[in-house]
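Residue 498 in the UniProt record's numbering sits at position 498 of the sequence shown, with consecutive numbering throughout.
Glycine is no exception: its CB is placed at the ideal position from the N, C-alpha and C atoms.
Worksheet: the structure to be examined is printed underneath.
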Amino acid sequence: MNYFPDEVLEHVFDYVTSHRDRNALSQVCKSWYRIESSSRQKVFIGNCYAISPDRVIERFPALKSITLKGKPHFADFNLVPHDWGGFVYPWIEAFARNRVGLEELRLKRMVVSDESLELLSRSFANFKSLVLVSCEGFTTDGLAAIAANCRFLRELDLQENEVEDHRGHWLSCFHDSCTSLVSLNFACLKGDINLGVLERLVARSPNLRSLRLNRAVPFDTLQKILMQSPQLIDLGVGSYIHDPDSEAYNKLLTAIQKCKSVRSLSGFLDVAPHCLPAFHSICPNLTSLNLSYAPGIQGSELTKLIRHCRKLQRLWILDCIGDKGLEVVASTCKDLQELRVFPSDPYVGNAGVTEEGLVAISGGCPKLHSILYFCQQMTNAALITVAKNCPNFIRFRLCILDPIKPDAVTMQPLDEGFGAIVHSCKGLRRLSMTGLLTDQVFLYIGMYAEQLEMLSIAFAGDGDKGMQFVLNGCKRLRKLEIRDCPFGNGALLMDVGKYETMRSLWMSSCEVTLGGCKTLANKMPRLNVEIMNENELADFICDDTQKVDKMYLYRTLVGRRKDAPGFVWTL
């Protein structure tokens, strides 16, 4: 029974912002479902093929903001075929056709055409925010349409996209009356920028708080921009090479000293390390530092910079910092919560950090709860120490560049080390593992990782039991990604009902056969089971004993998708 008027409940629901909490509210009773549906303005869709745009619009008529994800996560490692799909145009077309009052669109790993950006820019009069992460398919012509037609744009955030540069003047398409920008990020663009237009755009944007530049923006333009916008909180530096003894350097130094509000610093795509001291004045207030795209800054220069950053909570860095540099981080950044250490050259396969750096970080940064660590080697003893020092991990991702390397000291599998992580870290939600691993580690995961939602594994396990341990034990598991593991039909078909509670399962280069996938599809008609074989699919589909190269399984309310390319077969 509902003891409150709908208007009161709707007002209360407005204070519930978490997508999961909103979903939970909608399941209490029919009236709460109806009120939650009619009032929800922000929607998250973790798989663009799990539901149709029209169904989303029918369920959430007040929709203003939507987040969509396309390709599977393993696309980040080039494991998903390039033309697999993930097109955003049908979504934008449906929103336009139904006159949705869309104001914000956030996309990840989706195909975004210029046509879709043009339609987006002309269909929603109050559109304010576009965030594209790891997307492809569009050019600067599409960005020009957004700039020209979205009169109230507050945010244009382009992160790690593949953008074809047709012309370098897309920024000039912003109207002179455009003063609403709060966030502008074009660091991933490779083409030239009209520097004068950029300066004028920044000058007439008094509310600009976040600005991330590409390498085409030189230091002298940076100096002018900083003089116009000392209110910046988030700054991404593009090209920065100059003589520290020059007058221009001194001007830049003066401009930086006036930026007392900066809390996040990134970029340094081209940099002369001896010019870094110009930024030392803003380092004491930084809470976020991202130098993962700054290969020109070597270990000694990194540590000099980091020694000034005592308030850091988030640090993304290259492995050239070395174990000694991570010891400096550990002794300096006591409030650090998130650390990502990327390989300077992932193709060389010789990382600059080891287990020693990880142990140092765990001992010096007690608040650490999220880590991504590319390293040369690891030991069980180190992982056990890390688990003891940092029991609050919610994300733990470890990538040894030699993916089947054992304990560097004992030459044993790393089962006990990762077992300690899942045993000690009760709130662990995301785990990625590499190194020599047997079924024992999956037994530990199934026993202890009660909150685990996403697991990524490669080159691990002895047989079907490993995968069975995970599926049986991890009740909250939503995404499972597996590559190059000896898991076959027995593991896949043991508990097919489990997949109804998961968002997706990816398996590539495993022991699963076409016949096993067909059996799964027959048992679970509400799942899409996609088979990918980029070579000779017609011959492949006739042999049920043939091993499947790639399989992607996901829940869907709309059946098989209509835009699958020829090399994708939906069972």
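For residue 341, there is no enclosing alpha helix (DSSP H); the residue is found in the beta strand (DSSP E) stretching over 338-342. Residue 298 sits close to residue 273, with the two beta carbons spaced by under 9 Å. When only Cα atoms are considered, residue 223 and residue 125 end up about 35 Å apart.
Residue 191 places its beta carbon 9 Å or farther from that of residue 212. Take the alpha-carbon of residue 26 and the one of residue 120: they are about 30 Å apart.
Counting only the Cα atoms, residue 233 lies some 24 Å from residue 150. Within the same chain, Cβ atoms closer than 6 Å to the Cβ of residue 440 are found at 415, the five residues on either side in sequence being excluded. A contact between stretches requires three or more CB pairs, one per stretch, nearer than 8 Å, and the stretch 440-454 meets this requirement with the stretch 477-485.
For the pair residue 551 and residue 370, the Cα-to-Cα distance works out to about 29 Å. The beta carbon of residue 75 sits closer than 8 Å to the beta carbons of 84, 109 and 134 from its chain, once the five residues preceding and following it are set aside; these are given in chain order. For the set 443, 357 and 318, the Cα lying nearest the Cα of residue 324 is the one of 357.
The stretch 121-161 contains, as complete beta strand (DSSP E) runs of 3+ residues, the segments 129-133 and 155-159 (chain order). In the three-state DSSP reduction, residue 69 falls in the strand class (E or B).
The bridge partners DSSP lists for residue 509 come to none.
Scanning 448, 509 and 7 for the CA closest to the CA of residue 424 turns up 448. The three-state secondary structure of residue 278, taken from DSSP, is helix.
Inter-residue distance for residue 35 and residue 59 is about 11 Å (C-alpha atoms, whole angstroms).
Taking a cut-off of 8 Å on C-beta distances, the stretch 203-218 does not touch the stretch 274-289, as fewer than three cross pairs fall below it.
The residues 199, 202 and 203, in chain order, have a CB closer than 8 Å to that of residue 228 in the same chain once the five nearest residues on each side in sequence are set aside.
Secondary structure note for residue 111: it is in no beta strand (DSSP E), with a DSSP letter that is neither H nor E.
Taking 9 Å as the cut-off, the beta carbon of residue 17 is found no closer than this to the beta carbon of residue 43. Looking at the backbone, the Cα of residue 490 and that of residue 194 are separated by about 59 Å. Scanning the stretch 9-81 from its first residue to its last, the whole alpha helix (DSSP H) runs of 4-plus residues come out as 19-26, 30-39 and 53-59.
Residue pairing by DSSP puts residue 185 in a beta bridge opposite 157 and 212. For residue 52, the closest of 95, 39, 23 and 62 by C-alpha to C-alpha distance is 95. Note on residue 62: under 16 other CB atoms within 10 angstroms of its CB, so exposed under the neighbour-count rule. If only uninterrupted beta strand (DSSP E) runs of at least 3 residues are considered, those enclosed by the stretch 238-273 are 264-271. Taking 9 Å as the cut-off, the Cβ atoms of residue 434 and residue 404 count as close. The count of Cβ pairs closer than 8 Å, one atom from the stretch 334-346 and one from the stretch 299-306, stays below three, leaving the stretches out of contact. The beta carbon of residue 143 sits closer than 6 Å to the beta carbons of 170 from its chain, once the five residues preceding and following it are set aside; these are given in chain order.
In the structure shown, residue 361 falls within a helical segment according to DSSP collapsed to helix, strand and coil.
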